[in-house]
Ligand SMILES: Cc1ncc(COP(=O)(O)O)c(C=O)c1O
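Numbering (my numbering), first residue to last: -12 to 477.
What follows is the structure, encoded as structure tokens:
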């Protein structure tokens, strides 16, 4: 790159930093990505050191380092030990829209951003850095893949490929599911939650996200009103907003969601009673009965997301809302993400057969059916009892991490953190003047990953002083040292 080009690139980067709708490192990263795509930074080009670029742009070195790290994870640039970063060969040749081979014409690039609408709530912000696994203290929300039962999965998959299972594993099932998996869900998972269901009340999905998407597509449209927990699960909120639903925030306290006295204005209520996301509160049985009675009186439907009820450590979890529902008003969405692995993308919906049949047809247009081989392998694993063993092992490991983090936070944090009876994360409220996003950036420099909680809230004035700390993905031994590091910033 000539020095003129260099200054033009730096000027453009500097300009891109002035848009303050995204964190700085993201803006810088996007600016660098565009420079590579435009061919300003070509394959093999050395990037300035983080100190030099930080000086040029008047940002912190952390910002530059974080942008570089993410670009490296995404394959745009490559680290060279003790030298710095270079643009990957094969990139930055302008192939996406630079001059033709003979240099005679410029092919206009498709402006995809103009063709695509903004995402519904304009908030698709990732709360964890790319490459979080490489940090020493990854307090991220969600399971790590470490406990995945590779041996029993491999055995079950080999069996799933035998002649007698191939019809399900490898053939097109049209809009049907694997009957063996439906049977296992019916006999092993649902009774643990107090739910009885016939096979025609169950639909297999690609995880909760997919199940919820189908339910919302079937039942919610522009003008529908939906009550959602506030704070709540951002991915659910985004699905409702995509359907142009009007959202009504429902506050949450230590007993679970507080539904308004009348639900008559609401078409649907979305709740996570087994483990409220993100506060981890388990809704009391009294609140559950009250919510069901109010919904029955006012004609609202309830969607119950029961994503991690198996991880209750200090008592038996109360029965699911669906188990208490005598009117068929509750649509239950479940997931294998927390119990086996999120990468399997497997979940299920339990509801009235008429609704299930409708969802089945919607699903068919979208993707026909979740992969037969994944369904049959999971079913075979469950049939020989390995699923139960995995859950018990996970619960043991998670309980021990939960004790470690609860104790460490109690000993080392300057403010109290409400105790939970289970789950895989803590929800921490700092003092009101705490900016959890800045704290997360600072802590990252010390190798500690935490997730700011702002995106869990609804509305324009979202509190910024909450954050989540997952404890499933981090080693037990790293929990206390990680909290010690974090506590220095508090
Ligand atoms: C509230 C909530 N529901 C559901 C899920 C699981 O989603 P999926 O089954 O799509 O992986 C999660 C995972 O993070 C969650 O936090």
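Glycine included, each C-beta is placed from N, C-alpha and C at the ideal position.
| Item | Value |
| --- | --- |
| Identity of the residues DSSP links to residue 455 by a beta bridge | 414, 438 |
| Neighbourhood of residue 35 by C-beta, 6 Å cutoff - its chain only, sequence neighbours within 5 removed | none |
| Residue 270 burial status per 10 Å Cβ neighbour count (16 or more: buried) | buried |
| Residue 209 vs residue 231 beta-carbon contact at 8 Å | yes |
| Three-state class that DSSP yields for residue 238 in the structure shown | strand |
| Anticipated Cβ contact below 8 Å, residue 335 with residue 181, distance rounded | Actually they are not in contact, since the Cβ atoms of residue 335 and residue 181 sit about 16 Å apart, beyond 8 Å. |
| Length-filtered (3 minimum) beta strand (DSSP E) runs lying within the stretch 26 to 84 | 64 to 67, 71 to 74 |
| Beta-carbon proximity list for residue 87, same chain, < 6 Å, skipping 5 on both sides | Any reading at residue 87 needs caution, since the residue's pLDDT is 43, under 50, leaving its predicted position unreliable; the model's value is listed next. Excluding residues within five positions, none has a Cβ falling inside 6 Å. |
| Beta-carbon contacts of residue 85 that lie in its chain and below 6 Å, excluding the five residues immediately before and after | Unreliable positioning characterises residue 85 in this predicted model, as indicated by a pLDDT of 40, which lies under 50. The coordinate reading is nonetheless provided below. Once the five neighbours on either side are set aside, the close Cβ partners of residue 85 are 26. |
| Rounded separation between residue 28 and residue 74 - CA only | 7 Å |
| Cα-Cα separation between residue 156 and residue 216, rounded to whole angstroms | 39 Å |
| First and last residue of the uninterrupted beta strand (DSSP E) at residue 319 | 317 to 322 |
| Secondary structure, beta strand (DSSP E): runs of 3+ residues fully inside the stretch 367 to 437 | 412 to 416 |
| CA-to-CA distance, residue 31 to residue 431, given in whole angstroms | 29 Å |
| Reference residue 473; option with closest CA among 407, 426, 286 | 426 |
| For residue 307 and residue 479, the rounded distance between their alpha carbons | Residue 479 falls outside the range modelled here, since the chain spans only -12 to 477, and no answer is possible. |
| Nearest-angstrom beta carbon gap, residue 117 and residue 60 [assumed within contact, 8 Å] | 4 Å |
| CB of residue 436 within 8 Å of CB of residue 122, strictly | yes |
| Member of 63, 24, 16, 21 whose CA lies at the smallest distance from the CA of residue 41 | 16 |
| Run of the beta strand (DSSP E) containing residue 334, from where it starts to where it stops | 334 to 337 |
| Three or more C-beta pairs below 8 Å linking the stretch 451 to 471 and the stretch 378 to 394 | yes |
| DSSP-derived helix/strand/coil call for residue 249 | coil |
| Cβ-heavy atom distance, residue 500 to ligand 1, below 7 Å | Outside the shown range of the chain, which is -12 to 477, sits residue 500, and nothing can be said about it. |
| Residue 344, enclosing alpha helix (DSSP H) - first and last residue | 340 to 354 |
| Backbone CA spacing between residue 287 and residue 268 [nearest angstrom] | 23 Å |
| Any non-hydrogen atom of ligand 1 within 7 Å of residue 329 CB | yes |
| Any non-hydrogen atom of ligand 1 closer than 7 Å to residue 12 Cβ | no |
| Supposed contact pair residue 218 and residue 440 - C-beta distance, whole angstroms, cut 8 Å | 7 Å |
| heavy atom of ligand 1 below 7 Å from residue 322 C-beta | yes |
| Residues of its chain near residue 381, where Cβ-Cβ distance is below 6 Å and the 5 sequence neighbours each way are ignored | 134 |
| Cβ pair residue 188, residue 337 closer than 8 Å | yes |
| Distance cut-off 7 Å: residue 220 Cβ against heavy atoms of ligand 3 | In terms of ligand content, the structure shown lacks ligand 3 and carries ligand 1 instead. |
| When 43, 33, 120 are compared against residue 78, the one with the closest alpha-carbon | 33 |
| C-beta contact flag for residue 378 and residue 326 at 8 Å | yes |
| Inter-residue Cα distance where the pair is residue 466 and residue 115 | 18 Å |
| Per DSSP, the bridge partner or partners of residue 213 | 234, 255 |
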